[in-house]
Amino acid sequence: MTGVTPSRSLSRIAGLDGLRAIAVIAVILFHSHLPGTELGWAGVELFFVISGFLITRILLDLREHARYLQIFYARRALRILPLYYFVLIISVAMALSLGRSIGSLQVPFYLIYVQNYVPQISSSMSQGIPLTSHTWTLAVEEQFYWLWPLVILVVRGASLRYVLVGCIIAAPLARLALLLWTGNPFATVASLPAQVDALAAGAILAVAERAGTPATIFRRWGALAAIAGAIIIVVLVLSGGLSMFAHTEEWARRPLNVLLLSAFATLFVGVVALAASGRGRVIRALEWRPLAHVGRISYGIYIYNPLALFVASLLLTLSDSGYVEGDVTQTAVGAVVTYVIAFLSWRYLETPILRLRESIAR
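Under my numbering, residues 532 to 893 are what the sequence shown spells out, in order.
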């Protein structure tokens, strides 16, 4: 490797913060269990596509640097680990203070981001440490971070494109194999093999961008992908009924639905491609400052939300307001509490750490 200095900052993609905001808002609504939010979990799939795109851009930019792996892993660790372990400590402390069992033998798996492969946890996303069931997505992301830099380092040119296409083709087959082999519907969702198509789809966009693909091609193929993905989603949802998709243990047991995550990956890679093309009214809407602000702090919003909903339920119980668990009041109060915690975390915890992260590539 050469000692080439990595770019101080890759060109910014307009609208991605807005897409992150839409993704995290969808997930928060799904956590509310309100009618009409049955597909809100798909916000996670949008996060995976965005992650595959952005991480691959970074890796391709860094690849010839003498400290390629050191820089990437250090910067990712500073972005992800502090907040994750902070929330993990709070969740364990709250569980113990309330007399809840946390399964002490399971804690080490959370510490190394493999809780999504522990049968006692992965057999039901509500098992394991309370208020952390959603961290399976972070485990998938972290496993991607472990492996993908090594692939980018070793695999070059057309071979990289073949690997990515292979991942996209293999993912629904992996989901079907996991379903038939384990009988566990969560294994078809909450594992890296099950989510690799969304990550690979985003990565293909980064490779295409690196190759100098014109914006007109991004717009044309982005629109086609978004339309095709949306059509498949509508067909699958109509064939099963919308209410089924509020419960992973129901929709993921249906073999045909191994195509659902592929359809969402197709839809969202189209949307991200349209954003990467950099034009249009939709991009301007996604750049709306309040929406972009929510996108910038979306990691905190996502990871704090179950904790904030729990705090909201306590506050409403103490207020004797007569609310019902999971109603609009709890959702609204939970959203406010989530935002306040995430904003304070961004300002006083994450931002100082990000400044340190930015100094690493110097």
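Glycine included, each C-beta is placed from N, C-alpha and C at the ideal position. In this text the structure is predicted, and so the values were computed from the model without any measurement.
Our two residues, leucine 695 and isoleucine 611, have alpha carbons roughly 25 Å apart in a direct line. In this structure, Val580 is the residue among Leu773, Ala742 and Val580 with its C-alpha nearest to the C-alpha of phenylalanine 675. Threonine 797 sits buried, since 16 or more C-beta atoms from the chains shown fall within 10 Å of its C-beta. The DSSP-derived three-state label of tryptophan 819 is coil. Secondary structure at glycine 753: helix, using DSSP grouped into helix, strand and coil.
Distances from the alpha-carbon of threonine 668 to those of Thr719, Val766 and Leu787 put Thr719 closest. With the rule of 3 Cβ pairs closer than 8 Å, the stretch 817-831 counts as touching the stretch 543-558. Contact between tyrosine 615 and isoleucine 834 holds, since their C-beta atoms are separated by about 7 Å, short of 8 Å. When C-beta atoms of the stretch 860-879 are compared with those of the stretch 806-816, fewer than three pairs fall below 8 Å, so the two segments do not count as touching.
Positions of the alpha helix (DSSP H) runs, each at least 4 residues long and wholly inside the stretch 673-721, are given as 688-713 in order along the chain.
For threonine 587, the enclosing alpha helix (DSSP H) begins and ends at 574-593.
DSSP places aspartate 858 outside both helix and strand once states are collapsed to three, so it counts as coil. Under the DSSP assignment, leucine 609 falls in the alpha helix (DSSP H) whose first and last residues are 599-628. Burial check for tryptophan 782: the Cβ neighbour count within 10 Å reaches 16 or more, so the residue is buried.
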